[in-house]
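Step one of this worksheet: look at the structure below.
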Amino acid sequence: MCTISWCGQCSFSNVLCSFDGYAGFVSGAHPRSLFCASKETRMSKTIVGGMDRRQLLKVLGLSAAAIGGASTLTACGGLKGSASGTSDVLKIGFVSPQTGPLASFASADNYVVKQVQQALAKGFTAGGSTRQIEIVVKDTQSNSTRATAVTKELITQDQVDIVVGSGTPDTTNPVADQCEASGVPNITTIAPWEAWFHGRSGVSGEGFKYTTLFFFGMQEFADCFTPMWKRMDVANQNVAALWPDDTDANAFRKGLTPLAEAQGFKMIDGGAFQNGASDYSSQIAKFKAENAELFTCTPIPPDFQTFWKQAAQQDYRPKLATVAKVMLFPSEAEALGKLSNNIATDIWWSPYHPYKSSLDGTTAQQLADGFAEETGNQWTQALGSVYSLFELAVEGFKQASDPKDRDDVADKLRNMNTVGMSGPLDFTKGPEPGIAVQHPVGGQWRKGTKFDWDITIVDNTPNPDVPVGGDLEATNA
56 MCTISWCGQC
66 SFSNVLCSFD
76 GYAGFVSGAH
86 PRSLFCASKE
96 TRMSKTIVGG
106 MDRRQLLKVL
116 GLSAAAIGGA
126 STLTACGGLK
136 GSASGTSDVL
146 KIGFVSPQTG
156 PLASFASADN
166 YVVKQVQQAL
176 AKGFTAGGST
186 RQIEIVVKDT
196 QSNSTRATAV
206 TKELITQDQV
216 DIVVGSGTPD
226 TTNPVADQCE
236 ASGVPNITTI
246 APWEAWFHGR
256 SGVSGEGFKY
266 TTLFFFGMQE
276 FADCFTPMWK
286 RMDVANQNVA
296 ALWPDDTDAN
306 AFRKGLTPLA
316 EAQGFKMIDG
326 GAFQNGASDY
336 SSQIAKFKAE
346 NAELFTCTPI
356 PPDFQTFWKQ
366 AAQQDYRPKL
376 ATVAKVMLFP
386 SEAEALGKLS
396 NNIATDIWWS
406 PYHPYKSSLD
416 GTTAQQLADG
426 FAEETGNQWT
436 QALGSVYSLF
446 ELAVEGFKQA
456 SDPKDRDDVA
466 DKLRNMNTVG
476 MSGPLDFTKG
486 PEPGIAVQHP
496 VGGQWRKGTK
506 FDWDITIVDN
516 TPNPDVPVGG
526 DLEATNA
């Protein structure tokens with residue numbers, strides 16, 4: 056029997072079902088805070104009999120391996136690989152911004168979860184027993200407060216064994232804080248380590264007990280961007296910096312500025328602004344007055360779209376734009392159209408990286424190709440990062456004497472040195488305890504063949520293992 060409730064104003068639905076021994080929710084809380092002004096306007100319908108699990112999922116438009124925005128279906132009859140509360144099942148909670156302004160960071164999440172489930176379908180050995188995994192997914196709706204709330208739900212209601220999360224400090228920091236406070240192992244990614252560590256008041260040399268991160272920081276951004284700056288023929292060494300007033304940008308302000316200035320560059324800070332700003336005339340005027348032909352930034356993606364269009368309208372066309380946090384995904388390049396040409400960004404994962412899965416040997420190229428074939432969409436960098444979250448979780452379970460011992464798993468993660476889809480990740484080297492550093496290379500957006508826009512690797516100074524695919528070109532040539 057299923058009871059389907061839906062909103063009277065928007066398309067959101069919530070389904071509570073019991074069938075073939077299953078009971079659980081599909082989808083989650085009504086997201087009216089972002090998408091709908093409805094005041095709990097609901098309609099419902101109950102379907103009784105004549106429908107098994109496969110038929111229900113077909114009606115809902117889901118595959119048998121699909122996951123909802125808020126949770127997976129959970130077996131209550133002890134089905135191997137899905138049951139909660141049994142000793143042979145290890146539960147992984149996964150938090151990401153699947154909706155809202157940061158949704159591009161999570162566009163590949165469902166595909167990755169499916170691949171991980173398939174790779175681990177036969178289980179794996181941990182603590183002397185064969186284990187299965189259950190993945191419970193939560194959507195932050197690009198909201199830090201909600202990130203905290205859904206992480207708490209994973210811990211207290213779903214009783215997960217570990218929480219993984221991805222997608223800027225707006226996700227990673229509140230998720231990690233909740234896990235640290237609750238004593239639950241946690242791995243996050245796609246956030247500069249300084250914003251994650253210092254933004255959470257980390258004590259240098261000590262770190263955190265339960266929370267770990269893999270990504271990179273200001274030194275790696277400098278290692279990626281400055282070689283490209285030096286190769287560009289510009290009138291001076293002035294670098295325009297569009298930095299809002301948020302955790303990410305403040306880390307860049309404090310960290311990237313001295314690293315760039317040590318190499319002879321002068322950062323021209325356009326001034327802090329609130330996310331969601333609509334007028335960038337003052338910043339553009341300042342950049343033009345300083346004749347800043349090099350450009351960098353860390354706004355949220357919608358704000359960069361607005362700024363870049365206004366810059367073109369006001370005839371500010373830097374010779375080389377090297378951007379962070381934005382232009383990481385094809386949808387952003389498509390939205391800007393021809394204004395995307397030769398915008399450079401940091402590339403920490405791509406089909407061209409010579410890495411493969413520690414779960415089943417799938418290569419980076421195969422992961423990207425499979426995503427394109429199944430979804431019709433272009434690869435994104437988050438494919439590799441999110442995949443590695445699950446690799447690390449599984450490795451933590453394997454290395455622990457008891458994968459249900461949270462302290463043991465957390466300790467193994469803090470001291471892990473492994474290789475997988477994101478390449479070598481060594482949490483023992485620092486720059487702070489529990490942090491593994493990646494080394495991004497420089498790539499530029501150019502007209503593609505199969506897809507409208509594609510990334511070309513133009514500088515591999517930080518990671519020579521990644522092949523260069525073309526020459527560095529001026530952004531506004």
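In this text, residue positions in the sequence shown follow our numbering: the first is 56, and each later residue adds one. All residues carry an ideal CB built from backbone N, CA and C; glycine is no exception. Please read all numbers here as calculations on a predicted model, not as lab measurements.
Nearest-angstrom Cα separation, counted from residue j out to residue i
i, j, result
"Leu447", "Ala367", "43 Å"
"Asp213", "Phe263", "24 Å"
"Lys321", "Asn241", "38 Å"
"Gly155", "Pro357", "10 Å"
"Asn305", "Ile512", "28 Å"
"Pro522", "Thr430", "27 Å"
"Ile398", "Gln187", "43 Å"
"Lys193", "Glu208", "9 Å"
"Ser197", "Asn330", "13 Å"
"Leu394", "Trp403", "23 Å"
"Thr530", "Cys279", "16 Å"
"Ala376", "Arg461", "44 Å"
"Ser259", "Glu487", "7 Å"
"Asp415", "Ala174", "6 Å"
"Asp401", "Gly478", "16 Å"
"Ala317", "Val168", "43 Å"
"Asn396", "Asp514", "17 Å"
"Trp411", "Leu391", "According to the sequence displayed, residue 411 carries Lys and not Trp. So the two alpha carbons sit approximately 32 Å from each other."
"Arg201", "Ile210", "14 Å"
Cβ neighbours of residue i in the same chain (closer than 8 Å, five flanking residues each side left out)
i, result
"Lys459", "Ser142, Leu145, Gly182, Asp216"
"Asn463", "With the sequence shown as reference, residue 463 is identified as Asp, and Asn is not the correct amino acid for it. Excluding sequence neighbours, Asp463 sits near Ala455, Ser456, Asp457."
"Gly489", "Gly262, Phe263, Thr266, Thr267, Leu268, Leu468, Arg469, Phe482"
"Thr185", "Asp143, Gly178, Phe179"
"Met287", "Glu348, Leu349, Lys374, Leu375, Leu527, Ala529"
Sub-9 Å separation of residue i and residue j beta-carbons
i, j, result
"Gly497", "Pro282", "yes"
"Phe160", "Thr226", "yes"
"Gly272", "Pro313", "no"
"Gly31", "Met476", "Not covered by the structure: residue 31. The range shown for the chain is 56 to 532."
"Thr180", "Lys453", "yes"
"Asn293", "Glu235", "no"
"Ala332", "Thr302", "no"
"Ala315", "Ala277", "yes"
"Val474", "Asp164", "no"
"Glu345", "His494", "no"
"Leu157", "Gly222", "yes"
"Ser151", "Thr195", "yes"
"Val191", "Thr206", "no"
"Gly254", "Phe149", "no"
Cβ-heavy atom distance, residue i to the ligand ADP, below 8 Å
i, result
"Ala277", "Among the components modelled here there is no ligand, and therefore nothing to report on the ligand ADP."
Residue i at chain B interface by Cβ criterion, 9 Å
i, result
"Phe263", "Checking the listed chains, one finds no chain B in this structure; it contains a single protein chain."
Backbone secondary structure at residue i - three-state DSSP
i, result
"Glu208", "helix"
"Glu528", "coil"
"Met287", "coil"
"Asp194", "strand"
"Ile147", "strand"
"Glu389", "helix"
"Trp298", "coil"
"Asp457", "coil"
"Ala464", "The residue asked about is misnamed: residue 464 is Val in this sequence, not Ala. The answer is helix: DSSP assigns Val464 an H, G or I state."
"Ala347", "coil"
"Ala399", "strand"
"Phe80", "Bear in mind that a pLDDT of 37 at Phe80, under 50, signals an unreliable position, so the model cannot answer this."
"Thr203", "helix"
"Gln274", "helix"
"Phe179", "strand"
"Arg501", "strand"
6 Å CB neighbourhood of residue i in its chain, flanking five on each side removed
i, result
"Asp481", "Asn472, Ala491"
"Arg308", "Trp298"
"Thr203", "Pro229, Gln233"
"Pro409", "Asp520"
"Trp284", "Leu349"
"Val171", "Phe445"
"Gln421", "none"
7 Å Cβ shell around residue i - same chain, five flanking residues per side excluded
i, result
"Phe328", "Pro299, Asp300"
"Trp434", "Pro406, Ala423, Phe426, Ala427"
"Glu249", "Gly272, Met273, Ala306, Gly310"
"Ala465", "Pro240, Lys264, Tyr265"
"Asp509", "Arg501, Gly503"
"Gly257", "Phe263, Glu487"
"Lys343", "Tyr371"
### Query
When the Cβ atoms of the segment 340–354 are set against those of the segment 295–305, are three or more pairs found closer than 8 Å?
yes
### Task
Tell me, please, whether the segment 329–349 touches the segment 386–393 by the rule of three or more beta-carbon pairs shorter than 8 Å.
no
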